[in-house]
Every structure is written in C-alpha cells, then in structure tokens.
Ligand code: MG
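Numbering (the working numbering), first residue to last: 479 to 701.
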C-alpha cells in the first residue's frame, strides 16, 4: 500500500481512505456553474490512486480531457468518529499539497446521467501527493498559500483563507458518517483556474506558510 511521509520525523504512515471535498472555494463553484454547498460535498478515491512526487500521471484512453485541481491535503494521524469541531485539528498529523486529477469529460457525462464519479476521479495515478509538513509546526491551516505551475507558468493560485468549510468543519462533518483512521487523507477542494493538461506537461505544486516559506512541493509529469 502507498505510504504518506511526515517531514522532519520522516515517519511513514500507510494511506487508508482518501476523502475529496468538492466546491470548497466560491470562485471554483462559479467557474463550474455550480452552487456553493450548504454542507460539505465529498467523494472517495482509492489508496491505489496515489503517486508521489516524481511520478507520472497516466490518462485512461477513454478520456480526452484530463484536468488538474491543486488542493491542500490533510493527513489524519489519529482516527475517530463523531469528532468535535473544537478537537478536530488534534487529529491531524500534517498538511501537504496534492492534485485531484479529473477526467472532466467523463465527469460531465456522469453528472448529466446521474452516475457515480468513480472513474472520473479515482483512476490509477489520479491522486499525486507531496510529503506532509507536521501539523504541530503549522500555526493556522487556514492561511496557507497554494500554487500550481504548468510547464513553469502559473495556472492556479489561492489561499486556504478562502475555504467555504475549514479543516475543522470538514473533519467534524465527515466523522459523523465515516470512521476516520490513521492514514486517511482529505483533499480540501480546488480553487479557481482548473484547466486541461496534456501529455508532456510538467506540473509543479507548492504549499506555503504566510511568511512565504514553502512547506510542501510536488512535481509530476503527464504522459
Ligand atoms: Mg477536487
């Protein structure tokens, strides 16, 4: 099974479930012509979808439209159920950067027909993940900068201060229905600027503290 690496301690944690939040930035909901949700919208990816930095994204032949979605990621260090919002951040081991790779044409067809998003979102290599910066060294996960460069040019740029639902709210909400386990990951949703990416592209994603210090980096290639 793929593992998540916690920086500084170099601890390796086996990855379990991967929760992905939809429409957690108002500007992204707008660009998708979708409403801003009243409660978190989420779906799952299998752990087998994970690749690390330096990996290659393989687009299934059924799709003609692979999209990048850069997202801050959360590594759960301590499991639980019915976790209170006030205690939620104590369950986090670290924060990183990830790409929720999406087959947009397959997703659009699924939306139209009311079918699941599993193929559009959960295919092998659809979950590139950086290592995780220890949560104990992050004062506030709601003031982190995220950026994606495609072939060196800026494509997506935002800050977690624009979340619709904070990390604490997401953990509290999801844990009413799903038991969190150590090694679970949350993709916290993408900001605006999602776009097509094609074979040969190089994607560079970063997560930064308010000081500008980069705390997570991820580089992958599209094949
Ligand atoms: Mg996403």
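Every residue, glycine too, gets a C-beta built ideally from N, C-alpha and C. This structure is a prediction, so every number in the text was calculated from the model and none was measured.
Task: Cβ-heavy atom distance, residue 549 to the ligand MG, below 7 Å - done: yes
TODO: Provide the residue span of the alpha helix (DSSP H) that contains residue 650, from first to last.
DONE: 645-652
- [ ] Over the uninterrupted beta strand (DSSP E) stretch that includes residue 597, give me the two end residues.
- [x] First-last for residue 597: 596-600, but that is the alpha helix (DSSP H), not the beta strand (DSSP E).
Task: Own chain residues within Cβ distance below 6 Å of residue 601, not counting five before or after - done: 538
Task: Other residues of its chain near residue 616: CB distance less than 7 Å, five sequence neighbours each side excluded - done: 573
TODO: Output the distance between the C-alpha atoms of residue 609 and residue 619, rounded to the nearest integer angstrom.
DONE: 16 Å
Task: Which of helix, strand or coil DSSP assigns to residue 690 - done: coil
Open item on the list: Would the segment 540-560 count as touching the segment 660-676 if we require 3 or more Cβ pairs under 8 Å?
Closed with: yes
Open item on the list: Can you look up residue 591 in the DSSP assignment and give me helix, strand or coil?
Closed with: helix
TODO: Please confirm if the segment 642-653 is in contact with the segment 497-505, defined as three or more CB-CB distances below 8 Å between the two stretches.
DONE: yes
Task: Where residue 678 falls: helix, strand or coil (DSSP) - done: coil
Open item on the list: So for residue 490, helix, strand or coil by DSSP?
Closed with: strand
Open item on the list: Give me the residue from 701, 699, 692 with the minimum Cα distance to residue 485.
Closed with: 692
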